[in-house]
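A quick write-up on the structure given underneath.
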Amino acid sequence: MLDSALIPLVLALLLDLGLGDLPNRYHPVAWMGTGIAAARRLAPPRGHWQRCLYGAVVVIGGAVLVGLIGGMVEAVLHLLPRPVYWLAEACMFKTTLAFRGLISAARQVQEALVAGDLDRARHLVSWHLVSRDTSRLNASQIAAATVESVAENASDGIIAPLLYYALGGLPAALAYRFINTADAMLGYRDPEREWLGKVPAHLDDLVNLVPARLTAGFLLLATPLLGGPIRRAWAVWYRDARQTASPNAGQPMSVMAGALGVALEKSGYYCLGVGQPPPTAQHIPAAVRLVSWAVAVAVGVLAMVQLLV
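Under our numbering, the residues of the sequence shown are numbered 17 to 325, in order.
Below, the structure written as structure tokens:
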């Protein structure tokens, strides 16, 4: 699969960087979200285990369904001439990526911070990047939340889709994106979604175990390309990666903290890179550059694997 996947994979990255996301009415991930929202409205009104089972059916059934659709689409695309297939496949795979969207969101927050507009920065980081309450965050905390999100979303929005596409084509990439979207919409501990989102949340943890650690590794390898000390990035990764409640989020975030030489803290929960200074707005573009180098390293690794298999 790696041999046939590499060209559409690279084309998809370039298309995403050049064009960004499709409008929601044409975007498969937006359709997934619409379907998940409709399923949520039909959930059993009470009963912990009934709601838990219903959530399991939604996420597993939905992932299987979009995977089957992806398989049918891919089979049709394979009938096209090779260059046309590459482009069409890349256009489909591109919808599972969020590279340009991540860069754009981070840049908007940075610009608001540089302008001294904290209210706008708080709104942007809450709207685009994090689910936590941002109403009382100061400038450094906003910068930290943005850098953390850039690191975490490098896994969820870029490396994980690349990995699953390389391993299983469109079916695997689309199924992964459905699971990740279901977790983003249902995986909360509020009274309504505590049980409904249990299986989506745990399944998302499972499918991201490998991508999160690969992302951390790629960030580590990219650290010298940014001019950062790889030994410090490794030390912070080794020491702090398990501080977060998520088994995955702390992996790329801790490497990012070490690579940039900053402390990424969510008060009362974790502090990655303790003893280092807090980040500023200027660390946000550095985080984006590090992720860009890490993606380049990931593509290079995939190319080398292709030569070996």
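The beta carbon of each residue, even a glycine, is placed where N, CA and C say it ideally should be.
Should residue i go down as buried or exposed, given a rule of 16 or more other Cβ atoms within 10 Å for buried?
i, result
"Met17", "Residue placement at Met17 cannot be trusted, given a pLDDT of 49 that sits under 50; the coordinates are not used to answer."
"Val307", "buried"
"Ala279", "buried"
"Glu164", "buried"
"Ser171", "buried"
"Glu208", "exposed"
"Ser283", "exposed"
"Trp253", "buried"
"Glu210", "exposed"
"Leu30", "exposed"
"Gly316", "exposed"
"Pro295", "buried"
"Ala114", "buried"
Hey, out of the options, whose CA is closest to residue i's CA?
i, options, result
"Pro293", "Glu281, Ala303 and Val304", "Glu281"
"Leu179", "Trp253, Leu38 and Ala228", "Ala228"
"Ala106", "Ala53, Pro177 and Pro39", "Pro177"
"Gln298", "Ile23, Glu210, Thr162 and Tyr286", "Thr162"
"Ala249", "Leu236, Ala21 and Ala261", "Leu236"
"Ala314", "Leu31, Pro295 and Tyr181", "Tyr181"
"Met108", "Val80, Ala312, Pro24 and Val317", "Pro24"
"Ala53", "Gly34, Leu27, Asn264 and Val75", "Val75"
To the nearest angstrom, report how far apart residue i and residue j are at their CA atoms.
i, j, result
"Gly289", "Gln267", "12 Å"
"Thr150", "Val321", "42 Å"
"Pro240", "Ala159", "22 Å"
"Arg98", "Ala91", "13 Å"
"Val125", "Leu276", "18 Å"
"His94", "Gly77", "26 Å"
"Gly244", "Gly63", "52 Å"
"Ala310", "Ala238", "5 Å"
"Leu183", "Arg305", "26 Å"
"Ala128", "Asp221", "32 Å"
Skipping 5 residues on each side, what residues in its chain have a beta carbon closer than 7 Å to that of residue i?
i, result
"Val223", "Tyr192 and Ile195"
"Ala59", "Arg67, Tyr70 and Leu212"
"Asn40", "Ala46"
"Val89", "Met108 and Leu186"
Leaving out five residues before and five after residue i in sequence, what residues of the same chain have Cβ atoms less than 6 Å from its Cβ?
i, result
"Arg56", "none"
"Val271", "Ala232, Leu235, Leu236, Ala249 and Trp253"
"Ala188", "Tyr180"
In its own chain, which residues sit with a C-beta less than 8 Å from the C-beta of residue i, not counting the 5 before and 5 after it?
i, result
"Leu190", "Pro44, Val82, Gly83, Ile85, Gly86 and Thr112"
"Gly291", "Ala279"
"Gly36", "Arg116, Gly117 and Ser120"
Do the stretch 128 to 136 and the stretch 148 to 158 make contact, defined as three or more Cβ pairs closer than 8 Å? These segments touch.
Check whether the stretch 210 to 223 and the stretch 106 to 124 touch, using three or more Cβ-Cβ pairs below 8 Å as the test. no
Touch check for the stretch 232 to 239 and the stretch 249 to 258: three-plus C-beta pairs under 8 Å? yes
Evaluate contact between the stretch 200 to 216 and the stretch 136 to 146, counting only Cβ atoms and requiring at least three cross-stretch pairs below 8 Å. Segments in contact, no.
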